[in-house]
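Colleague:
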Ligand code: KG4
Ligand code: ZN
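In our numbering, the protein residues as written are 23 to 358.
1. Please work out which residues of its chain come closer than 6 Å, Cβ to Cβ, to residue 48, disregarding the five sequence neighbours upstream and downstream, and give them in chain order.
2. Hey, how far is the Cα of residue 270 from the Cα of residue 234?
3. Helix, strand or coil for residue 84 per DSSP?
4. Given residue 3, which residues of its chain have a CB within under 6 Å of its CB, disregarding the five upstream and five downstream residues?
5. Kindly identify the DSSP beta-bridge partner or partners of residue 52.
6. Verify the contact flag: residue 113, CB atom, against every heavy atom of the ligand KG4, threshold strictly below 6 Å.
7. Please determine whether the Cβ atom of residue 301 lies at a distance below 6 Å from any heavy atom of the ligand ZN.
8. Which same chain residues, not among the five before or five after residue 152, have their C-beta less than 6 Å away from its C-beta?
9. Mind checking whether residue 296 and residue 327 have CB atoms under 7 Å apart?
10. Of all the alpha helix (DSSP H) runs that stay within the bounds of the region 256-316, which reach a length of 4 or more residues?
11. Applying the 10 Å Cβ sphere with the 16-neighbour rule, what's the burial state of residue 358?
12. With which residues is residue 92 paired in a DSSP beta bridge?
13. Please find out if some non-hydrogen atom of the ligand KG4 comes closer than 6 Å to the beta-carbon of residue 365.
14. Closer than 6 Å: is that where the CB of residue 156 sits relative to any heavy atom of the ligand ZN?
15. Can you give the Cα-Cα distance for residue 400 and residue 310, rounded to whole angstroms?
16. Which same chain residues, not among the five before or five after residue 199, have their C-beta less than 6 Å away from its C-beta?
17. Grouping DSSP H, G and I as helix and E and B as strand, with all else coil, what is residue 358?
18. Please give the ranges of any beta strand (DSSP E) in the region 166-208, keeping only runs that are unbroken, at least 3 residues long and fully inside the region.
19. Quick test of your reading: residue 258 and residue 207, contact by CB under 8 Å. State the CB separation rounded to the nearest angstrom.
20. Which residue's Cα is closest to the Cα of residue 202: 256, 263 and 215?
21. Taking 6 Å as the line, does the beta carbon of residue 328 fall inside it for any heavy atom of the ligand ZN?
22. Report all residues from its chain with a CB closer than 7 Å to the CB of residue 281; omit the five preceding and five following residues, and keep chain order.
23. I'd like to know if the region 38-52 and the region 85-92 are in contact, where contact means that at least 3 CB-CB pairs between them fall below 8 Å.
24. Any chance you could list the alpha helix (DSSP H) runs of at least 4 consecutive residues sitting entirely within the region 227-255, in chain order?
25. Quick check on the DSSP output: the alpha helix (DSSP H) that includes residue 105 runs from which residue to which?
26. Less than 8 Å between the CB atoms is what I'm expecting for residue 5 and residue 332, so what's the real figure, rounded?
27. Out of 96, 274, 71 and 107, point me to the one whose CA is closest to residue 354's CA.
28. May I have the straight-line CA-CA distance separating residue 143 from residue 24, to the nearest angstrom?
29. So, with DSSP's three-state summary, where would you put residue 350?
30. For the alpha helix (DSSP H) that contains residue 36, what are its first and last residues?
31. Mind checking residue 312: buried by the 16 CB within 10 Å criterion, or exposed?
32. Is residue 118 buried or exposed, if buried means 16 or more other CB atoms sit within 10 Å of its CB?
33. Counting only the same chain and skipping the five closest in sequence on each side, list residues whose C-beta sits under 6 Å from that of residue 97.
34. Are residue 112 and residue 352 touching if we call contact CB-CB under 7 Å?
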């Protein structure tokens, strides 16, 4: 199967065999195009996908040592994401499916992020609790089977990765914010500031990061009408704010994972998405695993951020005969 992913700002293609072996996985990132804007610019992303999609597919075929004629099916991310970005991958996939007369399956980007854990494990991992923490989503699922995910809760405002990106921008750190904050936080004190942990004392499996973002803003700029003297925002203050912010995000993510595991009686936790690359979060997940006697699966870094190998979940759809027709469309919003 050729899999394609173009939902946001990575153009990715992979070749996956029926035993879920990844024969090649190519990702062309657009980070440098969006860095100066501090976030993904949808129009720029769509144009860049257009330039990259065919070379990326060619490279995936070349590295897997297969030709278009060797393909048996095509899996493509059709939801959720930026509409212009999704359309580029989907149009490429439809065209190939039509010309080569191959079955086409639709892949949900969020489900694929969780499936990255199954790919990394190399064996069945469901049922499990699944957490997707990315730039666009912070979603908790009860994953009964590969294509049977029940949404337990999500963020009520910003996604965790979005909060990392916005706080990094406030602190004058480069985009993408997650890796920048992680790096600078190494030299900071995570207990320096007691930032809010939303819904910490509630059983609801939801998240909110906008209050935390505002608390960080007030810490570094002062709370209006009292402005903080910018000269007092030293590199050490920035490192302390970054470390305390990261700690607050990690705390609530861990807490809600623990609540979800307990509420659903699950023994496995699959964590995917860009924020799952965070080393502080990964360390706390390991502690959670030991404390709660559960198995915590996190993909290697290359499978955490957007890629097409995780779209191997398309094989599950194909095995169930869930193909889509050429008149189907992309679904930019998240369908619950
Ligand atoms: O899953 P992903 O590659 O794309 C989306 O589907 O959104 O996630 C990107 C997000 C960005 O917000 C980025 O800042 C965040 O993941 N991220 C991290 C780290 N690496 C990437 N956040 C925290 N720590 C990291 N090491
Ligand atoms: Zn993603």
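The C-beta atom is built at its ideal place from N, Cα and C for all residues, glycine as well. In this text the structure is predicted, and so the values were computed from the model without any measurement.
Modeller: Concretely, from the data shown:
1. Around residue 48: 35, 78, 81 and 82.
2. In a straight line, the C-alpha of residue 270 is about 8 Å away from that of residue 234.
3. Collapsing the DSSP output to three states places residue 84 in a helix.
4. Residue 3 lies beyond the stretch modelled for the chain, which goes from 23 to 358, so this question has no answer here.
5. Beta-bridge partners assigned by DSSP to residue 52: none are found.
6. Not so, every heavy atom of the ligand KG4 lies at least 6 Å from the Cβ.
7. For residue 301, the CB stays at least 6 Å from every heavy atom of the ligand ZN.
8. Leaving aside the five residues that flank residue 152 on each side, the residues in its chain whose CB is nearer than 6 Å to its CB run, in chain order, 136, 163, 165 and 292.
9. Cβ distance < 7 Å, so residue 296 and residue 327 count as in contact.
10. The region 256-316 contains these whole alpha helix (DSSP H) runs: 257-286 and 301-314.
11. Reliability of the predicted coordinates at residue 358 is poor, the pLDDT of 45 falling under 50, and no value is obtained from them.
12. DSSP lists no partner for residue 92.
13. There is simply no residue 365 to check, as the chain begins at 23 and stops at 358 in what is shown.
14. Checking the Cβ of residue 156 against the ligand ZN gives yes.
15. Coverage of the chain is limited to positions 23 through 358, which leaves residue 400 absent and any answer about it impossible.
16. Around residue 199: 186, 187 and 190.
17. Residue placement at residue 358 is flagged as unreliable, the pLDDT there being 45, under the threshold of 50; the coordinate-derived value follows with that caveat. DSSP places residue 358 in coil when its eight states are reduced to three.
18. Runs found: 170-176.
19. Rounded, the Cβ-Cβ distance is 12 Å, inconsistent with contact.
20. When only C-alpha atoms are compared, the closest one is 263.
21. Yes, Cβ of residue 328 sits closer than 6 Å to a heavy atom of the ligand ZN.
22. For residue 281, the CB contacts under 7 Å within the same chain, skipping 5 residues up- and downstream, are 225 and 227 in chain order.
23. The region 38-52 vs the region 85-92: in contact.
24. Taken in chain order, the whole alpha helix (DSSP H) runs of length 4 or more contained in the region 227-255 are 232-243.
25. For residue 105, the uninterrupted alpha helix (DSSP H) segment begins and ends at 105-122.
26. This structure leaves residue 5 out entirely; the chain is present only between 23 and 358.
27. Among 96, 274, 71 and 107, the Cα nearest to that of residue 354 belongs to 107.
28. Residue 143 and residue 24 have their C-alpha atoms some 21 Å from each other.
29. Residue state, collapsed to three classes: coil.
30. Taken as a continuous stretch (DSSP letters only), residue 36 belongs to no alpha helix (DSSP H), being part of the beta strand (DSSP E) at 32-38.
31. Exposed, since its Cβ has fewer than 16 Cβ neighbours within 10 Å.
32. Residue 118 should be labelled buried.
33. Here residue 97 has 23, 25, 127, 129, 333 and 336 as same chain residues with Cβ atoms under 6 Å from its own Cβ, once five neighbours each way along the sequence are excluded.
34. At a Cβ-Cβ threshold of 7 Å, residue 112 and residue 352 count as neighbours.
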